[in-house]
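Rendered as structure tokens:
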């Protein structure tokens, strides 16, 4: 446990010495780590490809943008909107999941992709509600029990707490009976049914849980950027989160965090190459997958493995 | 008790199972034998919910299974092993067994995942799994990944997974296929040990030696119909069935004609010899 | 009214034929490898750009029939080989690892190809020289352009050619054998690499031709146009039943009709509530509805749980 407990502390200490710009990048790493941990429930644990995760993220972000900004002159408290955003995202997850989760996995991929696009097109076109492509600006900063979050360092604290909570939650989930059921669905859906698992039901739970985390991430994102627009919720965003999971290590929370660090920092390092940036990103991606098709850290070397290792030593 | 009540299955124009009725009593081992294409696997797959019946009922202790989804059939107390092993390769042996013991109610599962309900049932499940592994002599494999085991060991794990949830009926689909002599003998002992007053055991097998030595009752099937039914002694003593099964020239045709053409059944009971049933 | 409907039907058929050509590439790859080839949409884009380059090499005007045919053929070959190269480099080494790995590798290749097209062809939309004949004629009051007729003719010829290839040649038999089961096919001595390479040649080739037709039809090409078209074409493949060649054609045409008619009529039917800006999402809405009632697509075979070729979704 100790090395795991040290990690968030190390991040916070490290954050104290960073200037604003790198600090923002660190915040993004943590945000993506959280989203990745959420998506990992569906992709890594249940083995279903969700290519529209950004939809839930967008729902969370727009919930905060609409309820805490001059747009409708509503200024609801952050924590309340966090709950509402999480709830709406979960609801969207269930509503999308019910018709789709009985289908084969590949169809899930394309239907979720479509759903992500539908949400984005809606945000783009419901001008009266969302301001269309201009987006919503001057969103309230988060205030938690009187603590006013305004600097990237403040958000670092919030994100570290959220990532730790998400990490502990998904770890617990993975080890619980639900985790076992999801693993069985991933390995052999039909045999899982033969063992009495309500496969559609457990997939739905996974889908909704993952959506909830995405929604929370969205609320935090909106308060951190103080601006949202449909631009932030394209298919490439969904894809980036899938990549965080798969490049880092499917089904492994450590891997996901490593993946988030790699995939957020890599494009920043490539920024100097301007036009070639995306090309290099694409090439790097293919190379990483060719070199480590099962992700950087394999599934079995997760938190439970580490705890066993440490206690044995 | 597992009952097939006038079950028929058609695939398009092809009738795979033609009005078959079987009764599998608890406490005994009932073997279903027959040449390839006799319909044994179709029968198993219908009971387990992989195929829907075209007509007829399948009852497990008065619960009608034929229209239930597969997972509800399993929850009703019917479990199975597969002709081609279907373990969760990436999971450990213990986890493979735990899958069969996952709590049935979704809210309960969610509560557990959120850490809101005491984890006692998880610990209990684990000890149940360990007990079953011990019974089958594979307790030492608990933490190994199922996919990394030898074939014979995988067959045992599958058997363990099928019995850990204390089913009321179990379908063993060719458990001895691909096993060597030593492994088959071991398997035989395990199957015999399964016998319990409230478990109906169906054994589908090609290994006649195994069948004759473990089963209490035998149904002989051919071309989608029941050809004969009786004790191993009676079946063994019956020359026609024996010839049919061993595929002696001529015998097969006669029996198939008997099974299909006139829809007569051969009923074989201990000491009774062969009797042509009325249609 | 009748004229209007006829006009829309002709437009729908044209767009549908293009979707169908692209959908064929998705469906063939999926049928054999169970892989959603995300790079396929970029083959479509690359095709449109390569054709312009080829035409300029040939030193002719794109609209000249000889130049158009030669450029089209050269593009088919070039993108065909690109497809084979991508398969060899990025997918083949990942066969048998997991189903996600090649799919993400395909996404990576899509990024790579798209960016190469952008770097070479420029960021700004390219005013596209039409490779198709000009002119119009009328059928029962509806205006039909020669472009449309040519698009339909080209699509028809290619589809018939593909059907003949798959059903009449020994390579086609091998493709179908590998699609059925790569394992069994290799047991009877079929090296799966050859049929798979062929699929990765023909699919992208067809996609590239679709790119030329599409850009010529609308008169513009952008480096990023592949994404949304590819997504629709993949939707078309699923609509028809993925893995099925006639299904891809049917799905493509159906999608063309749905989109054209929905875009034309939805604003009026919903009093402007749903406008043409929603054009791109009609496809998905229809997809979801159809899958709810026919989970295997329109022409897809129902896959029984017991006979599933693979036991993991991903």
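Protein chains in written order, with my numbering: chain C, 132 to 444; chain Z, 445 to 723; chain L, 9 to 322.
Cβ coordinates follow ideal geometry from the N, Cα and C atoms, glycine included.
Check                                                                                                                                                                  : Outcome
Taking the alpha-carbon positions, what's the residue 710 (chain Z) to residue 685 (chain Z) distance?                                                                 : Reliability fails at residue 710 (chain Z), whose pLDDT of 38 lies under 50, so the model's placement of it is uncertain and no value is given.
Anything in chain L within Cβ reach of residue 409 (chain C), meaning under 7 Å, just list it in chain order.                                                          : 119 and 123
Would you call residue 145 (chain C) buried or exposed, if buried means 16 or more other Cβ atoms sit within 10 Å of its Cβ?                                           : exposed
For residue 177 (chain C), does the three-state DSSP call read helix, strand or coil?                                                                                  : coil
Within its chain, find whatever has a CB closer than 7 Å to the CB of residue 698 (chain Z); leave out the 5 residues flanking it on each side and keep chain order.   : In this prediction, residue 698 (chain Z) scores a pLDDT of 45, lower than 50, which makes its location untrustworthy; no coordinate-derived value is stated.
Determine the direct distance from the alpha carbon of residue 268 (chain L) to that of residue 284 (chain C), and round the result to whole angstroms.                : 51 Å
Between which two residues does the beta strand (DSSP E) carrying residue 448 (chain Z) extend?                                                                        : 446-455
For residue 45 (chain L), name the three-state secondary structure that DSSP assigns.                                                                                  : coil
Confirm, please, whether the CB-CB distance from residue 305 (chain L) to residue 250 (chain L) is below 8 Å.                                                          : yes
Closer than 8 Å, CB to CB, is residue 322 (chain C) near chain Z or not?                                                                                               : yes
Using a Cβ cut-off of 7 Å, pull out every chain L residue sitting near residue 240 (chain C), in sequence order please.                                                : 44
Three-state secondary structure (DSSP) at residue 36 (chain L)?                                                                                                        : helix
On the three-state DSSP scale, how would you describe residue 30 (chain L)?                                                                                            : helix
When the Cα of residue 266 (chain C) is compared with those of C:335, C:193 and C:424, which residue comes out closest?                                                : C:193
Alpha carbon to alpha carbon, what distance is there between residue 259 (chain L) and residue 222 (chain C)?                                                          : 31 Å
Taking 8 Å as the CB-CB cut-off, is residue 404 (chain C) touching chain L?                                                                                            : no
Measure from the C-beta of residue 68 (chain L) to each C-beta in chain C and report whether the shortest distance is under 8 Å.                                       : no
What residue range is occupied by the uninterrupted beta strand (DSSP E) comprising residue 433 (chain Z)?                                                             : Since the first and last residues shown for chain Z are 445 and 723, residue 433 (chain Z) lies out of range.
Taking the beta strand (DSSP E) that residue 500 (chain Z) belongs to, which residues open and close that run?                                                         : 499-504
Please report the straight-line C-alpha distance between residue 700 (chain Z) and residue 636 (chain Z), rounded to a whole angstrom.                                 : Note on residue 700 (chain Z): pLDDT 43, under 50, position unreliable in the model; the coordinate value appears next. Those two C-alpha atoms are separated by around 32 Å.
Less than 8 Å between the C-beta atoms of residue 316 (chain C) and residue 171 (chain C), yes or no?                                                                  : no
With residue 556 (chain Z) as the anchor, note down where its alpha helix (DSSP H) starts and where it stops.                                                          : 550-557
Can you pull the chain Z neighbours of residue 304 (chain C), defined as C-beta to C-beta under 7 Å?                                                                   : 557
Shorter than 8 Å from the beta carbon of residue 619 (chain Z) to some beta carbon of chain C?                                                                         : no
Starting from the Cα of residue 286 (chain C), find the closest Cα among C:431, C:432, C:162 and C:140 and give me that residue.                                       : C:162
In the region 285-296 of chain L, which residues sit with their C-beta less than 7 Å from some C-beta in chain C, listed in chain order?                               : 285, 286, 288, 289, 292, 295 and 296
Fully enclosed by the region 130-167 of chain L, which beta strand (DSSP E) runs are 3 residues long or longer?                                                        : 144-147 and 150-153
Assign residue 706 (chain Z) to one of three DSSP states: helix, strand, or coil.                                                                                      : Reliability of the predicted coordinates at residue 706 (chain Z) is poor, the pLDDT of 35 falling under 50, and the value obtained from them is presented with this limitation in mind. Residue 706 (chain Z): coil per DSSP, three-state reduction.
Which word fits residue 694 (chain Z), buried or exposed, when buried means at least 16 other C-beta atoms lie within 10 angstroms of its C-beta?                      : Confidence at residue 694 (chain Z) is low in this model, with a pLDDT of 45, below 50, so its placement is unreliable and the value that follows should be read with caution. It counts as exposed.
Using 10 angstroms around the beta-carbon of residue 290 (chain L), count the other beta-carbons present and answer buried if the total reaches 16, otherwise exposed. : buried
Determine, using beta carbons only, whether residue 180 (chain L) and residue 52 (chain L) come nearer to each other than 8 Å.                                         : no
Name the residues in the region 420-432 of chain C whose C-beta lies less than 8 Å from a C-beta of chain L; which are they?                                           : 420, 421, 424 and 425
Going by DSSP in three states, residue 695 (chain Z) sits in which element: helix, strand or coil?                                                                     : Unreliable placement is indicated for residue 695 (chain Z), whose pLDDT of 45 sits below 50; the coordinate value is still reported in the next sentence. If DSSP states are grouped into helix, strand and coil, residue 695 (chain Z) belongs with the helices.
Return the first residue and the last residue of the beta strand (DSSP E) that residue 522 (chain Z) is part of.                                                       : 522-524
For residue 176 (chain C), go through chain L and note every residue whose CB falls closer than 7 Å to its CB, in chain order.                                         : In chain order: nothing, as chain L lies at least about 12 Å away.
Round the Cβ separation of residue 35 (chain L) and residue 255 (chain L) to the nearest angstrom and send it over; I've been treating them as touching at under 8 Å.  : 7 Å
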